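One structure is given here, and the rest of the page talks about it.
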Amino acid sequence: MSAPAAFLLRFALPVGIGAALLYAATLSLDPYSLTILQFVGINVILAVSLNITNGFTGLFSLGHPAFMTIGGYVTAILTMPATRKTAMLRDLPSILAAHEWPFAASLTAGGLVAALAAVIVGIPVLRLRGHYLAVATLGLIFIVQSFAVNLPGITRGALGLAGLPPVTNVWWVYLVLVLTLLTCWRVKHSSLGRTMLAIRENELAAASLGVKVARTRVLSFALGAFFAGVAGGLWAHLVTLIAPGSFSILLGFQLIVMVVLGGTGSIAGAAIAAVVLTLSTEWLRPIEEAAGLFGASQIIVAVGVILVLIFRPSGLFGTAEPNVFGAFARRRRHAQSTP
Amino acid sequence: MQISPAPLLKVERLAKNFGGVRALNGIDFALNEGDLVGLIGPNGSGKTTAFNIVTGILKPSEGRITFGGADVTGNAPETNAALGMARTFQNIRLFNDLPVVDNVMVGLHRKRGPGFLATVLGLRAAARAEAEIRQRAMAVLDILGLSGRAAERVGGLPYGDQRKVEFARALASDPRLLLLDEPTAGMNPYETADLGATIARLHRELGITILLVEHDMKMVMGICQRLVVINQGNMLAQGTPAEIRADQRVVEAYLGHGRKGGRQRGPEDVHAVG
Ligand SMILES: Nc1ncnc2c1ncn2[C@@H]1O[C@H](COP(=O)(O)OP(=O)(O)OP(=O)(O)O)[C@@H](O)[C@H]1O
Ligand SMILES: [Mg+2]
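Heads up: the sequence lines are chains A and B, in that order. Okay, so the first sequence: first residue is 1 according to our numbering, each after it adds one. Okay, so the second sequence: first residue is 1 according to our numbering, each after it adds one.
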């Protein structure tokens, strides 16, 4: 297959079809369903990006809510109209207060600040042993929340930032989603991604082969944090509110469940698990309210997780990609190995 | 053969305590560029510990290691790998979930792998580097007769083949020093002889410097130019295979340990090599 043809088939065609479907959705769906569609997209971004850290590299990060909070606040502060900023956020440095940033630049900045936070936490923690990361990221969630509460001149404290411009829409969400999937796919099927998987499989052997274990771990942690930060910005401008408690530890666990269910290391697996879990929680909610069984959906999800862990301990897909996707990777690899 | 003024690897007064256990008690040996040296000794004599210290997995309690003229004592394994050390593990350490060829490819990332940005942006250079890495890995698998199994999940391979993948993985990075820790453990006599011949051939043709830990005396004595014998953490003897075979202390050390280890070779094996 020639390179342009391969590009058409593997990238342009699915994206084109996806865009057409999205367009049809914006025309036909009611606002509630459109909102759900965006939450589905955001959750896929979150699960797929957490999968870089937890699935590829085998770390156990609970930190996505912290990075979403960071990204959400940064994006919200940057997009806010300059007049509101100067009135409401008195401690904001004047360079930031004077300008209203475009949404794309604000999202990117949110992601970058989240990634920077990951690097700062990751360097000391990941240099030692991977498994301290769970505790460190748990702590990070509370640290970030307390910063948000205790810097009222920048964040308006416990009140949070309300009335944000509602700039998030399906197009932004699914654009970020495509970029996330593309990045993850490329990383996984690259030499770099292979070193991540190697660290997960056998850290000592990887180090003995010259893989820079600590640096690679920090990179994968920061890459996951970047997308979590961007997703936090999308979320904040979808619900038009960001508060210290917007993203809780519970959300962190739900994302872990998606990665575990989908298969640690499988991009498609994490994405499918995110779609299914988001939709089923949404659809089960009216049912449990009608039946008066609050929390039943959580129990159903928990039982589902336990069943998967018993019968398929490595998740639905393991590290593999389902066949439709795998076929592309295989064909490509074949083409490369027969020069 | 090139005669280098300083040895490639020099180990001086190496000692290691594990709590109260003195696993190594002052070991000295050196390898010149192009040497193929056997490190032998009864079970538990400290061979693997010595490997772990030389490669940086363990820190020594005492002693000094120089590699290529530089002091590498206490270096991290990553650093030593970058300096050109590659090893295999006695208790196999493969990336079980990855295909055979990917296991070998991991070792090529350090030298040839594209950077993060090139990877994420999907640059042509990244794809080219990836293809080169795959090609090199396949070539090395071919040397060990494993190219037919390249796409298989390595965790599902038979034991002997897994050892060969470890060997291929270490070999792929063109190491200056190759440390093999019992590469034939678990192989039948034919496979053992075959791998011994491969090691000798690679040494001869590529001039790689090799330090080999091996219990099969026939194989070690047949291919090594020189042997270092340790016993219970102490230096016992050093010399050519003929000298070692004639050394009374070596024979006694192997006798003294009886035959408790299943694969432990007795002194008759030492003498069996004509
Ligand atoms: N991590 C460790 N902690 C405590 N003791 C250890 C450790 N590693 C090795 N030892 C001890 O050090 C001694 C040397 O072990 P080592 O594995 O280096 O021997 P070996 O020569 O490789 O033996 P074998 O031929 O069985 O592989 C043994 O007595 C062993 O029990
Ligand atoms: Mg050993």
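Positions of the beta carbon are idealized from the N, C-alpha and C atoms, including for glycine. This structure is a prediction, so every number in the text was calculated from the model and none was measured.
Here Phe-95 (chain B) is not near Ala-134 (chain A), since their CB atoms are 8 Å or more apart. Counting along the chain, Asp-161 (chain B) sits inside the alpha helix (DSSP H) bounded by residues 159-172. Counting C-beta pairs with one atom in each stretch, the stretch 52-62 of chain A and the stretch 112-130 of chain A have three or more that are closer than 8 Å, which means they touch. Chain B places a beta carbon closer than 8 Å to that of Thr-183 (chain A), counting this residue as a contact. Listed in chain order, the non-local C-beta contacts of Ser-147 (chain B) below 7 Å within the same chain comprise Met-138, Leu-141, local neighbours out to five positions each way being set aside. Within the model, the alpha-carbon separation for Gly-160 (chain B) versus Thr-119 (chain B) is close to 35 Å. Under a criterion of Cβ atoms nearer than 7 Å, the residues of chain A adjacent to Asp-102 (chain B) are, in order, Arg-194.
Distance from the CA atom of Phe-67 (chain B) to the CA atom of Arg-13 (chain B), rounded to whole angstroms, is 15 Å. At least one beta carbon of chain B lies nearer than 8 Å to the beta carbon of Glu-201 (chain A). Judged by DSSP secondary structure, Ile-57 (chain B) falls outside any alpha helix (DSSP H); it is assigned neither H nor E. Between Gly-20 (chain B) and the set B:Ser-61, B:Pro-175, B:Met-235, B:Val-101, the nearest pair of CA atoms involves B:Ser-61. Contact of Thr-49 (chain B) with chain A by beta-carbon distance below 7 Å is absent, the smallest such distance being about 15 Å. Near ligand 2, residues with a Cβ at less than 7 Å from any of the ligand's heavy atoms are B:Lys-47, B:Thr-48, B:Gln-90, B:Asp-181, B:Glu-182, B:Val-213; the list follows chain order. At a C-beta separation below 8 Å, Gly-107 (chain B) has these neighbours in chain A: Leu-209, Gly-210.
In this structure, Gly-122 (chain A) places its C-beta atom within 8 Å of the C-beta atom of Ala-222 (chain A).
Taking 8 Å as the cut-off, the Cβ atoms of Ile-210 (chain B) and Ser-45 (chain B) do not count as close. Within chain B, the residues placing a beta-carbon under 9 Å from that of Val-187 (chain A) are Phe-116, Thr-119, Val-120, ordered along the chain.
Listed by position along chain A, the residues whose Cβ is nearer than 8 Å to that of Thr-55 (chain B) are Ser-208. In the pairwise beta carbon analysis, the stretch 134-144 of chain A is classified as not touching the stretch 222-238 of chain A: fewer than three pairs are separated by under 8 Å. In terms of Cβ geometry, Ser-191 (chain A) and Ile-208 (chain B) do not form a close pair [threshold 8 Å]. At a C-beta separation below 9 Å, Glu-182 (chain B) has no neighbours in chain A, since its nearest C-beta there lies roughly 16 Å away. By the Cβ criterion, the stretch 177-184 of chain B is in contact with the stretch 72-91 of chain B, since at least three pairs of Cβ atoms, one from each stretch, lie closer than 8 Å. With a cut-off of 7 Å, the C-beta of Ala-23 (chain B) is classified as near ligand 1, since at least one heavy atom of the ligand falls inside that distance. Under a criterion of Cβ atoms nearer than 8 Å, the residues of chain A adjacent to Ser-173 (chain B) are, in order, Leu-209, Gly-210. A direct Cα-to-Cα measurement between Leu-21 (chain A) and Leu-181 (chain A) gives close to 18 Å. In this structure, the C-beta of Asn-43 (chain B) approaches ligand 1 to less than 7 Å from one of its heavy atoms. Listed by position along chain B, the residues whose Cβ is nearer than 9 Å to that of Leu-204 (chain A) are Ile-57, Pro-77, Phe-89, Arg-93.
With a cut-off of 7 Å, the C-beta of Phe-18 (chain B) is classified as near ligand 1, since at least one heavy atom of the ligand falls inside that distance. When 9 Å is used as the limit between beta carbons, Thr-108 (chain A) is near no residue of chain B, the shortest such separation being about 14 Å. Between the stretch 248-265 of chain A and the stretch 44-52 of chain A, the count of Cβ pairs shorter than 8 Å is three or higher; the stretches touch.
Using a Cβ distance threshold of 8 Å, Met-85 (chain B) and Pro-175 (chain B) count as a contacting pair. In the DSSP assignment, Gly-239 (chain B) is bridged to B:Leu-227. About 5 Å separates the CB atoms of Leu-212 (chain B) and Gly-38 (chain B); that is less than 8 Å, so the two are in contact. Judged by DSSP in its simplified three-state form, Glu-12 (chain B) adopts strand.
With a beta-carbon spacing of about 5 Å, Ala-66 (chain A) and Ile-141 (chain A) fall inside the 8 Å limit used to define contacts. Under the DSSP assignment, Gly-38 (chain B) falls in the beta strand (DSSP E) whose first and last residues are 36-40.
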